[in-house]
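Here our numbering is used: the first residue of the sequence shown is 8, the next is one more, and so on. For every residue, glycine included, the Cβ atom is placed at its ideal position computed from N, Cα and C. A quick write-up on the structure given underneath.
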Amino acid sequence: MLVRYKKALEKIAMGLISLMPQEKDIKRLMETIHQYEQNENWTLFLWKKGDEYVGAVGIAEENDAAVIQHITVIPSYRGEGVALTMLRQLQEMGFKNIQPNEDTSAFVQKCITILKEVD
8 MLVRYKKALE
18 KIAMGLISLM
28 PQEKDIKRLM
38 ETIHQYEQNE
48 NWTLFLWKKG
58 DEYVGAVGIA
68 EENDAAVIQH
78 ITVIPSYRGE
88 GVALTMLRQL
98 QEMGFKNIQP
108 NEDTSAFVQK
118 CITILKEVD
């Protein structure tokens, strides 16, 4: 289930986002979290499976598109379709036009192709 980020989940969110290669630096990571907190066009969602947060997807709303800024899953849950499920749930929430940014392009394009094949 996608859960919208709130301040109480900051440490969990930082841990998940830090799994992305470009977010290893603590200063950049703090700036990223601040961006999700301050920019009304940026929204971070955490994926909760049972009692555990296992993934995150961050979007920037641009015109009619949801541009994926961050998408990550903890290593022990990779390969189980968590990222696909997060993207599918974004579509169900009304974000029909999902696009990657430069950092997420290769992975998100692969996921979008799979989602189109399934539909």
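(1) For Glu59, report the span of its beta strand (DSSP E) as first-last.
(2) Cα-Cα, which of Glu68, Lys56, Glu17 and Glu109 is closest to Ala90?
(3) With distance defined between alpha-carbon atoms, name the residue in Ile121, Phe114, Ile78 and Met100 nearest to Ile24.
(4) Specify whether the segment 35-42 and the segment 79-88 touch according to this definition: at least 3 beta carbon pairs, one from each stretch, less than 8 Å apart.
(5) How is Phe114 classed by DSSP in three states: helix, strand or coil?
(6) If distances are taken between C-alpha atoms only, which option among Trp54, Gln116 and Met21 comes closest to Lys34?
(7) Label Glu30 either buried or exposed according to how many other C-beta atoms from any shown protein chain fall within 10 Å of its C-beta, with 16 as the threshold for buried.
According to the data block:
(1) Along the sequence shown, read from residue 1 onward, the residue named residue 59 stands at position 52. Glu59 to Glu69 is the span of the beta strand (DSSP E), which, as asked, contains Glu59.
(2) If you number the sequence shown from 1, residue 90 lands on position 83. Looking at the Cα atoms, Lys56 is the closest of the given residues.
(3) As a first step, residue 24 must be located in the sequence shown, where it is residue number 17. Nearest C-alpha to Ile24: Ile78.
(4) no
(5) The sequence position of residue 114 within the sequence shown is 107, counting from 1. Here Phe114 sits in helix by DSSP.
(6) Within the sequence shown, the letter at position 27 stands for residue 34. Taking only the C-alpha atoms, the option nearest Lys34 is Met21.
(7) Within the sequence shown, the letter at position 23 stands for residue 30. With 16 or more other Cβ atoms within 10 Å, it is buried.
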